[in-house]
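Heads up: the structure comes next, in C-alpha cells.
Number of protein chains: 2
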Amino acid sequence: MSVSSDLQATLDPSRRSWVEAANDPACDFSIQNLPFGIFSDSHDAVWRVGVAIGDRIVDLAVLEEAGLLVLPPTSANESGASSVFRSDSLNAFIALGRDAWRSVRIQLSSLLARDTVTLRDDAALRERALVPATDATLHLPVQIPGYTDFYSSKEHATNVGSMFRDPKNALLPNWSEMPIGYNGRASSVVVSGTPVRRPNGQLKLPDVERPVFGACRKLDIELETGFIVGRGNALGEPVACAEAEAHIFGMVLLNDWSARDIQQWEYVPLGPFNAKTFATTISPWIVTLDALEPFRVAQPEQVPQPLDYLRHDGAHAFDIALEVRLRPQRAREATTISRTNFRHMYWTMAQQFAHHTVSGCNTRVGDLMGSGTISGPTADSYGSLLELTWNGKQPLELKEGGTRTFIEDGDELTLAGWCQGEGYRVGFGTCSGVIVPARD
Amino acid sequence: MSVSSDLQATLDPSRRSWVEAANDPACDFSIQNLPFGIFSDSHDAVWRVGVAIGDRIVDLAVLEEAGLLVLPPTSANESGASSVFRSDSLNAFIALGRDAWRSVRIQLSSLLARDTVTLRDDAALRERALVPATDATLHLPVQIPGYTDFYSSKEHATNVGSMFRDPKNALLPNWSEMPIGYNGRASSVVVSGTPVRRPNGQLKLPDVERPVFGACRKLDIELETGFIVGRGNALGEPVACAEAEAHIFGMVLLNDWSARDIQQWEYVPLGPFNAKTFATTISPWIVTLDALEPFRVAQPEQVPQPLDYLRHDGAHAFDIALEVRLRPQRAREATTISRTNFRHMYWTMAQQFAHHTVSGCNTRVGDLMGSGTISGPTADSYGSLLELTWNGKQPLELKEGGTRTFIEDGDELTLAGWCQGEGYRVGFGTCSGVIVPARD
Chain A
1 MSVSSDLQAT LDPSRRSWVE AANDPACDFS IQNLPFGIFS DSHDAVWRVG VAIGDRIVDL
61 AVLEEAGLLV LPPTSANESG ASSVFRSDSL NAFIALGRDA WRSVRIQLSS LLARDTVTLR
121 DDAALRERAL VPATDATLHL PVQIPGYTDF YSSKEHATNV GSMFRDPKNA LLPNWSEMPI
181 GYNGRASSVV VSGTPVRRPN GQLKLPDVER PVFGACRKLD IELETGFIVG RGNALGEPVA
241 CAEAEAHIFG MVLLNDWSAR DIQQWEYVPL GPFNAKTFAT TISPWIVTLD ALEPFRVAQP
301 EQVPQPLDYL RHDGAHAFDI ALEVRLRPQR AREATTISRT NFRHMYWTMA QQFAHHTVSG
361 CNTRVGDLMG SGTISGPTAD SYGSLLELTW NGKQPLELKE GGTRTFIEDG DELTLAGWCQ
421 GEGYRVGFGT CSGVIVPARD
Chain B
1 MSVSSDLQAT LDPSRRSWVE AANDPACDFS IQNLPFGIFS DSHDAVWRVG VAIGDRIVDL
61 AVLEEAGLLV LPPTSANESG ASSVFRSDSL NAFIALGRDA WRSVRIQLSS LLARDTVTLR
121 DDAALRERAL VPATDATLHL PVQIPGYTDF YSSKEHATNV GSMFRDPKNA LLPNWSEMPI
181 GYNGRASSVV VSGTPVRRPN GQLKLPDVER PVFGACRKLD IELETGFIVG RGNALGEPVA
241 CAEAEAHIFG MVLLNDWSAR DIQQWEYVPL GPFNAKTFAT TISPWIVTLD ALEPFRVAQP
301 EQVPQPLDYL RHDGAHAFDI ALEVRLRPQR AREATTISRT NFRHMYWTMA QQFAHHTVSG
361 CNTRVGDLMG SGTISGPTAD SYGSLLELTW NGKQPLELKE GGTRTFIEDG DELTLAGWCQ
421 GEGYRVGFGT CSGVIVPARD
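Those protein sequence lines, which keep their order, are chains A and B.
Using full-length UniProt numbering, the first residue of the first sequence is number 1, and each one after it goes up by one.
Using full-length UniProt numbering, the first residue of the second sequence is number 1, and each one after it goes up by one.
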C-alpha cells in the first residue's frame with residue numbers, strides 16, 4: 001500500500017492528543033485509531049457521524065460546519081460541502097471513497113494532536129464538538145445491504161468437523177481450496193448493547209423420533225471480526241485479490257450468535273438459517289484499514305498454494321488481540337473465557353473478497369463480511385462455547401456464577417479486540433449482548 | 001380472508017376493460033390481474049410505478065395527479081397525498097399497507113372497467129396515463145433488503161437427494177419437518193431481460209486431485225416463484241402461520257440461476273454460495289395476493305402433520321401454471337422444456353414465512369422469498385435442467401438448435417406463469433435472461 005506522508009504521520013506511535021484519556025496506553029481510542037461510528041447524545045437526539053478519541057466522541061458535522069474539517073470534492077460530492085456527517089449511517093460518507101476517508105483521518109489527527117491549538121484552545125467549539133462518550137448512545141454504524149459470513153479459521157473448521165462429522169477427516173477437501181462462506185441475514189445485525197432474545201425453533205433430541213419445538217438449549221457465541229465494504233464492484237466484474245483491500249473501509253468485532261441445536265438439525269444441505277438469523281451483533285466503531293496498517297503481519301502459510309485468483313504477495317493478516325468475556329446476570333465480575341488473535345486466520349480478508357466476487361457477484365458500500373469464528377491453536381483460544389466446552393462435555397468454570405456449557409439467560413457476552421502498539425492501542429472497544437429469555 | 005364487496009368485485013370473472021387487449025383470454029394482464037411494477041418510457045426516463053393492463057401500462061402518478069386515484073391516509077402517509085408513485089421502487093407504496101394496496105386495486109379496476117367513462121373518454125389524459133407496453137422499459141420492481149430462498153418442492157428435493165446423496169434416502173429427515181431455506185444474495189437480483197454472465201469458479205473434476213478454475217460447465221436454471229414481503233415483523237416477534245399471508249404483498253416469477261459444478265464442490269457444509277450469487281432473475285410484475293385469491297387451492301397433504309407453529313387451516317396453495325422455455329442463440333423458436341404448477345409445492349408461503357420468523361428473525365418491506373425449484377411429479381415437469389436431463393445423462397431434444405444437457409452461451413431461458421380463469425388470465429408475464437460467455 002502506498003501511503004502519503006500525511007497519512008503516515010497519523011500512524012506515528014509517538015503522536016499524542018490533547019484529549020488526555022486517549023494517551024492512556026490501555027485506551028482503545030488513541031489518536032492513532034480514529035474509528036468511525038454513529039451516535040446521538042442527551043443534548044441532540046439526531047443520529048450523526050462521530051469519531052472516538054479517548055473518552056470523547058468527535059462530532060464531525062460540528063467540525064465541518066465550523067470550517068475545521070473539509071471534505072475533498074469528489075464525483076459523489078461535487079461541491080465539497082456535504083450532509084454526509086448528519087446522517088443515520090456512515091454509508092454516504094463511505095461512498096465518497098478512500099481519498100475522502102483518508103483526508104478526514106489526516107485532518108482529525110492533526111486537529112486532535114497535542115500541539116494543535118485550533119480546537120484545543122477554543123473552549124466553546126470544543127464543548128460542542130467533543131461529546132463525552134458516557135453521554136452518548138452508539139447506533140448501528142452502517143446500513144448493511146448484504147451480510148456474508150466466512151468460515152476461515154482452520155482451527156475452528158477442524159474442531160467443528162471433529163465434533164459433528166469425522167475426527168479423522170475433520171477438514172473437508174474444499175476448505176483448503178477456498179474461503180468457504182455463506183450468505184447471512186442482514187436484517188438482524190444489531191449494534192453492541194442490544195439485548196438478544198434466545199430463539200425458539202426445532203430441536204431434534206437424540207431419544208425422540210420427531211423434533212420438538214422449544215427454546216434453544218445450546219445458545220452460543222462466535223467470536224468474529226467483520227469488514228465493511230467501502231467500495232463495491234459491479235455485477236459481473238470480479239475484484240482481483242491484489243486489489244481487494246482497496247475495497248475495504250474498515251473492521252468491526254462481530255458476534256455471530258448461534259443456536260447449536262437448531263443448527264445441527266436444520267443445516268444439511270443448505271447451511272445454517274434459523275440458527276443464526278435471530279441476531280448478529282457488531283461493535284459500534286469501525287476501525288479503518290488505514291489505522292490497522294502498522295499491525296499488518298504475514299498470514300499463516302497456505303498449503304496447498306491457492307489457485308491463482310486467490311494469490312496475493314505480501315502480508316495480509318493483522319495482529320488483533322481478541323477476548324471473550326462472560327458475565328452472569330448478577331455477577332460483578334466477568335470471566336475471560338477465551339483469548340485469541342485474528343492473525344491465526346487461514347484465509348485473508350482480501351482472499352475472502354476476491355472469492356466472493358469471482359463469480360461476478362456484486363457488492364455494495366456497507367456490505368458486512370464476517371471472518372468466521374476465530375479459534376486459535378490452543379483449547380483456551382477457541383472462539384465458541386461449542387469448542388471451549390467441546391459441545392458441552394467440558395463445562396467452563398467461571399470466576400463468579402458457577403459453570404457454563406452454553407449461554408444461560410441473563411448472561412452478558414462481550415467481545416473485545418485491540419492492536420497493541422508501542423505505548424498506545426488501536427482498539428475496537430467492545431461488542432456485547434445480554435441474553436433475554438425465549439418467548440413463551 | 002375477509003374481503004370487502006368492492007375488493008370482491010375486482011375479481012369478477014365477467015368484468016372486462018375498455019383496454020381491449022386485456023380482454024383476450026390468453027392475455028396475462030386482464031382487468032382481474034392489475035400487477036404492479038416500475039417502468040420508464042421513451043417520453044419520460046424517470047422510473048415510476050405502473051400497473052399492467054392488456055398491452056398498456058397505467059402510470060399511477062399521472063392518475064393521482066389528475067385526481068382519479070386517491071391514496072387513503074395512513075400513518076405512513078398522513079396527508080393522503082404522496083410521491084410513492086414517482087419512485088424508483090415499489091417499497092414506499094407497499095409500506096403504506098394492505099388497505100392502500102386494496103384501495104388502489106379497487107379504484108383501478110373501476111377506472112379501467114369497460115363502462116367507466118372517466119378515463120376511457122378523456123383522450124388527452126388517457127394518452128398520458130396509458131403507456132404502450134412496447135414503448136416501456138421495465139425495471140426491478142422493488143429494492144430488496146433481504147433475499148431468502150426455500151427448498152419446498154418435495155419432488156425437487158427428492159430428485160436432488162437421489163442424484164447427489166442416496167437414492168434410497170433421498171429426502172433428508174429434516175425436510176419433512178420444516179420448510180428448509182437459506183439466505184440468498186440480494187445484491188445480484190436482477191429484472192427479467194438482464195443478460196446473465198456465465199460465472200467462473202472452482203470446479204472439481206472427477207479425475208483431477210485439485211479443483212481447477214474456469215467457466216461453469218453445468219449452468220442451470222431453477223424455476224421458482226417468489227413472494228414480496230408487504231409488511232415486515234420486528235426483531236424478536238415471530239409471525240404466526242395463520243397471520244403470515246397478511247404479510248405478503250404479491251408474487252413474482254424467479255429464476256435462481258445455478259452453477260451446478262461450482263455448487264457441488266462448495267456447498268458442504270454451509271450451503272450454496274458462488275454457485276448462486278452471480279445472478280437471480282425476477283419478473284418485472286408483482287401479482288398481488290389479492291389477484292391470486294380465486295386460484296387458491298389446497299396444498300398437498302403433509303405427512304407427518306407439521307409442528308403446531310407450522311399449522312394453518314384452509315387452502316394455502318395457488319394454482320399457477322408454469323413453463324420453462326429455451327431458445328438457442330440463433331433459433332427463431334423456443335422449446336418448452338418443462339410444464340408444471342405451483343400447486344405441487346409441499347410447503348406453503350405462509351409456512352415459509354412463519355418458519356423464517358419463528359426464531360425471532362425480522363423481515364422488511366420488499367424482502368424477496370423464493371419458493372425453491374418447483375418440480376412436478378413427472379419427468380417433463382421438473383424445474384431444472386439438472387433434473388430434466390438427470391445431471392446431463394439424458395440430453396433434451398430441442399425443436400431447433402440441437403440438444404441440451406445444461407445451458408449454452410447465447411441461450412435464452414424464459415419462465416412463464418399464469419392462473420387460468422374462466423375466459424381470462426391472471427398472468428405473471430415472463431422472466432427471461434440470455435447467457436453471455438464467461439469472462440476470460
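Yeah, the Cβ is synthetic: ideal placement off N, Cα and C, and Gly gets one too.
Candidates A/Glu400, A/Val189, A/Lys393: which alpha carbon is nearest A/Ile282's? Walking along the first sequence from the start, residue 282 of chain A turns up at place 282. Cα-wise, what sits closest to A/Ile282 is A/Val189.
Selected residue, minimal CA-CA separation from A/Asp115, among A/Asp256, A/Gly423, A/Trp18: Sequence index remark: in the first sequence, residue 115 of chain A carries index 115 (1-based). When only C-alpha atoms are compared, the closest one is A/Trp18.
Does any residue of chain A have a CB that is nearer than 8 Å to the CB of B/Arg16? For the purposes of this step, residue 16 of chain B is taken as residue 16 along the second sequence, with counting starting at 1. Not a single C-beta of chain A is nearer than 8 Å to the C-beta of B/Arg16.
Taking only the alpha-carbon atoms, compute the straight-line gap between A/Asp411 and B/Phe39 and give it to the nearest angstrom. Residue 411 of chain A sits at position 411 when you count from the first residue of the first sequence. Residue 39 of chain B sits at position 39 when you count from the first residue of the second sequence. For A/Asp411 and B/Phe39, the distance between alpha carbons rounds to 51 Å.
If we ignore side chains and look at the alpha-carbon of each, how far apart do A/Asp28 and B/Cys431 end up? Translated into the one-based positions of the first sequence, residue 28 of chain A becomes position 28. Translated into the one-based positions of the second sequence, residue 431 of chain B becomes position 431. Cα atoms of A/Asp28 and B/Cys431: separation of roughly 52 Å, rounded to the nearest angstrom.
Any idea what DSSP makes of B/Tyr424, helix, strand or coil? Residue mapping note: residue 424 of chain B aligns to position 424 of the second sequence, counting from 1. Under the three-state reduction of DSSP output, B/Tyr424 falls in the coil class, being neither helix nor strand.
Express the C-alpha separation of A/Gly232 and residue 444 of chain B in angstroms, rounding to a whole number. Any property of residue 444 of chain B remains undetermined from this structure, which presents chain B solely from 1 to 440.
Indicate whether at least one CB of chain A lies closer than 8 Å to the CB of B/Arg364. The residue labelled residue 364 of chain B in the question sits at position 364 within the second sequence. Yes - at least one Cβ of chain A is within 8 Å of the one on B/Arg364.
Run of the beta strand (DSSP E) containing B/Phe93, from where it starts to where it stops: Locating residue 93 of chain B in the second sequence gives position 93, where the first residue counts as 1. Looking at the DSSP string, B/Phe93 is not in any beta strand (DSSP E); the run it does join, the alpha helix (DSSP H), is 91 to 95.
Whole angstroms are fine: how far does the CA of B/Leu119 sit from the CA of B/Pro141? On the second sequence, residue 141 of chain B is found 141 positions in, with the first residue counted as 1. On the second sequence, residue 119 of chain B is found 119 positions in, with the first residue counted as 1. Those two C-alpha atoms are separated by around 25 Å.
Which residue's Cα is closest to the Cα of B/Arg439: B/Ile180, B/Arg198, B/Asn23? One-based indexing of the second sequence puts residue 439 of chain B at position 439. The candidate whose alpha carbon is nearest that of B/Arg439 is B/Arg198.
Counted within 10 angstroms of its Cβ, other Cβ atoms place A/Gly181 as buried (16 or more) or exposed: Counting from 1 along the first sequence, the entry for residue 181 of chain A is found at position 181. Answer is buried; the Cβ neighbour count reaches 16.
Please report the straight-line C-alpha distance between B/Arg296 and A/Val46, rounded to a whole angstrom. Within the second sequence, the letter at position 296 stands for residue 296 of chain B. Within the first sequence, the letter at position 46 stands for residue 46 of chain A. If you draw a straight line from the Cα of B/Arg296 to the Cα of A/Val46, it is about 47 Å long.
Note down, in chain order, each residue of its chain lying with its Cβ closer than 6 Å to the Cβ of B/Gly429, except the 5 sequence neighbours on either side. The residue labelled residue 429 of chain B in the question sits at position 429 within the second sequence. Excluding positions up to five away in sequence, the list reads Asp28, Ser283, Trp285.
Where does the unbroken beta strand (DSSP E) through B/Asn169 begin, and where does it stop? Against the second sequence, residue 169 of chain B aligns to sequence position 169. Note, B/Asn169: premise wrong, no beta strand (DSSP E); not H, not E.
Against B/Ser187, what residues of chain A qualify as contacts under a CB-to-CB distance less than 9 Å, listed in chain order? For this step, residue 187 of chain B is matched to residue 187 along the second sequence. Residues of chain A with a Cβ closer than 9 Å to the Cβ of B/Ser187 are, in chain order, Pro145, Gly146, Gly232, Leu235, Cys361, Asn362, Thr363, Arg364, Asp367.
Check whether the Cβ atoms of A/Asn91 and A/Val365 lie closer than 8 Å to each other. As a first step, residue 91 of chain A is located in the first sequence; it is residue number 91 there, counting from the start. As a first step, residue 365 of chain A is located in the first sequence; it is residue number 365 there, counting from the start. In this structure, A/Asn91 lies near A/Val365, with their beta-carbon atoms less than 8 Å apart.
Interface residues of chain A around B/Met163 at Cβ under 8 Å? Against the second sequence, residue 163 of chain B aligns to sequence position 163. Ordered by position in chain A, no residue passes the 8 Å Cβ test against B/Met163, which lies about 12 Å from the chain.
Check whether chain A comes within 8 Å of B/Val268, counting only Cβ atoms and requiring the distance to be less than that. As a position in the second sequence, residue 268 of chain B is number 268, starting the count at 1. At least one beta carbon of chain A lies nearer than 8 Å to the beta carbon of B/Val268.
Under the three-state reduction of DSSP, which class applies to B/His247: helix, strand or coil? For the purposes of this step, residue 247 of chain B is taken as residue 247 along the second sequence, with counting starting at 1. Correct three-state label for B/His247: helix.
Say whether chain B places a C-beta atom closer than 8 Å to the C-beta of A/Thr277. For the purposes of this step, residue 277 of chain A is taken as the residue at position 277 of the first sequence. At least one chain B Cβ lies under 8 Å of A/Thr277.
According to DSSP, residues forming a beta bridge with B/Arg231: What you label residue 231 of chain B is simply residue 231 of the second sequence in a count that begins at 1. None; B/Arg231 has no bridge partner.
Kindly list the residues whose CB is nearer than 6 Å to the CB of B/Leu289, restricted to its own chain and excluding five residues on each side of it in sequence; keep chain order. Translated into positions along the second sequence, residue 289 of chain B becomes position 289. Once the five neighbours on either side are set aside, the close Cβ partners of B/Leu289 are Ile248, Gly250.
Is there a Cβ from chain B that is less than 8 Å from the Cβ of A/Gln32? Looking up residue 32 of chain A in the first sequence gives position 32. Chain B places no beta carbon closer than 8 Å to that of A/Gln32, leaving this residue out of the contacts.
Less than 8 Å between CB atoms is the rule here; does B/Val208 satisfy it with respect to chain A? For the purposes of this step, residue 208 of chain B is taken as residue 208 along the second sequence, with counting starting at 1. Answer no: the Cβ-Cβ gap between B/Val208 and chain A never drops below 8 Å.
Straight-line gap, A/Glu400 to A/Pro206 (C-alpha atoms, nearest Å): Against the first sequence, residue 400 of chain A aligns to sequence position 400. Against the first sequence, residue 206 of chain A aligns to sequence position 206. Distance between the alpha carbons of A/Glu400 and A/Pro206: 32 Å.
Mind checking who B/Ile282 pairs with in its DSSP beta bridge? What you label residue 282 of chain B is simply residue 282 of the second sequence in a count that begins at 1. Note: B/Ile282 sits in a beta bridge opposite B/Val191, B/Leu254.
What does the alpha-carbon distance come out to for the pair B/Val62 and B/Arg128? In the second sequence, counting from the first residue as 1, residue 62 of chain B sits at position 62. In the second sequence, counting from the first residue as 1, residue 128 of chain B sits at position 128. Computed Cα separation, rounded: 7 Å.
According to DSSP, which residues form a beta bridge with A/Gly50? The count along the first sequence starts at 1 and reaches residue 50 of chain A at position 50. According to DSSP, A/Gly50 shares a beta bridge with A/Gly37, A/Asp59.
Expressed to the nearest angstrom, what Euclidean distance is found between the alpha-carbon atoms of B/Arg404 and B/Arg126? As a first step, residue 404 of chain B must be located in the second sequence, where it is residue number 404. As a first step, residue 126 of chain B must be located in the second sequence, where it is residue number 126. If you draw a straight line from the Cα of B/Arg404 to the Cα of B/Arg126, it is about 47 Å long.
For the beta strand (DSSP E) containing A/Leu203, name the first residue and the last one. In the first sequence, the residue the question calls residue 203 of chain A occupies position 203. From DSSP, the beta strand (DSSP E) with A/Leu203 extends over 200 to 203.
Given a cut-off of 8 Å on the beta-carbon distance, is the pair B/Ala133 and B/Ala52 in contact? Taking the first residue of the second sequence as position 1, residue 133 of chain B is located at position 133. Taking the first residue of the second sequence as position 1, residue 52 of chain B is located at position 52. Yes, the pair counts as a contact, with Cβ atoms nearer than the cut-off.
Residues of chain A with CB under 8 Å from B/Asn274, in chain order? Start at 1 with the first residue of the second sequence, and residue 274 of chain B comes out as number 274. Among the residues of chain A, those whose CB is under 8 Å from the CB of B/Asn274 are His355, His356, Val358, Ser359, Cys361, following chain order.
Can you look up B/Leu138 in the DSSP assignment and give me helix, strand or coil? The residue labelled residue 138 of chain B in the question sits at position 138 within the second sequence. Secondary structure of B/Leu138 (DSSP, three-state): strand.
Report, in whole angstroms, the separation of the C-beta atoms of B/Thr257 and B/Thr280, which I expect to be a contact under 8 Å. Numbered from its first residue, the second sequence carries residue 257 of chain B at position 257. Numbered from its first residue, the second sequence carries residue 280 of chain B at position 280. Here the sequence assigns Trp to residue 257 of chain B, which means Thr is not the residue at that position. Correct: roughly 7 Å between the Cβ atoms.
In this structure, how does DSSP classify B/Tyr346 when only helix, strand and coil are distinguished? Translated into the one-based positions of the second sequence, residue 346 of chain B becomes position 346. If DSSP states are grouped into helix, strand and coil, B/Tyr346 belongs with coil.
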